[in-house]
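Taking my numbering, the leading residue of the sequence shown gets 8, the next gets one more, and so forth.
Reviewing the structure listed below.
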Amino acid sequence: WDSREHAATTPPPVDRRTYRKFDTPVPAGLNAYVAVQFVPIAGATFALLMWQAVLGEALSLAGALAVLVSVLVWGGLFELRWWALPAEAGRLLLVSAGIAALAVQGVLTPVAAVALIAPAALFFLWLLAYRQQFATDRS
């Protein structure tokens with residue numbers, strides 16, 4: 008659509024020799040990071056789908072939001088967006104806070120909560136190893 012002429016225009020033909028596909032080179036370690044993060048989120052998605060009636064509306068909505076945010080942040084990590092690193096750090100912090108809240112409510116034992124929260128610090132350090140890779144152009 009050409010807004011100046013108020014008419015549809017035909018796009019130019021694509022030349023396979025000069026066409027450049029959008030492809031952000033991502034370090035293998037960052038790909039591995041997202042793959043490792045995928046496992047618990049896939050488990051959380053399964054749990055939400057299986058036991059949504061038992062979990063209640065508030066916990067189901069919080070879990071669904073956590074899954075959605077995780078997937079969105081991973082997209083930013085794969086594209087090395089400037090906002091992805093702080094967003095992932097925030098996601099790890101919120102997940103840790105949620106686990107701590109479940110422990111305070113007695114849903115999890117303190118030992119189980121620590122065992123689930125401790126890896127978040129390691130994940131954060133893993134992520135920081137790639138901080139120089141992220142774009143700084145704020146696009």
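Here a beta-carbon is modelled for each residue, glycine too, at the ideal position from N, C-alpha and C.
Would you give the residue range spanned by the alpha helix (DSSP H) that V118 belongs to? Bounds of the alpha helix (DSSP H) holding V118 are P117 to L135.
#### Entry: Which of helix, strand or coil DSSP assigns to A14
In the structure shown, A14 sits in a strand (DSSP, three-state: E or B).
**Item:** Those runs of the alpha helix (DSSP H) which lie wholly inside the segment 9-54 and span at least 4 residues
**Value:** Restricting attention to alpha helix (DSSP H) runs no shorter than 4 residues, the segment 9-54 encloses none.
Q: Just the C-alpha distance for I48 and V33, rounded to the nearest angstrom, thanks.
A: When rounded, the distance between both Cα atoms is 21 Å.
Beta carbon of L84, beta carbon of V43: below 9 Å? No, the pair does not count as a contact, with Cβ atoms beyond the cut-off.
Query raised in the report: Smallest Cα separation from A110: which of I124, L99 and A39?
Result: Nearest C-alpha to A110: I124.
Problem set entry | Closest residue to A73 among L100, A60 and W89 (Cα-Cα distance) | Relative to the Cα of A73, the nearest Cα in the group L100, A60 and W89 belongs to L100.
Can you tell me which of the three DSSP states G113 falls into? In this structure, DSSP gives G113 a state outside helix and strand, which the three-state scheme calls coil.
**Prompt:** Cβ atoms of F131 and A91: under 9 Å apart, would you say?
**Reply:** Not a contact, by the Cβ cut-off of 9 Å.
Between which two residues does the alpha helix (DSSP H) harbouring F85 extend? First-last of the alpha helix (DSSP H) with F85: E64 to F85.
TODO: Please report how far the alpha carbon of Q59 lies from the alpha carbon of E86, in whole angstroms.
DONE: Cα to Cα, the separation comes out at about 32 Å.
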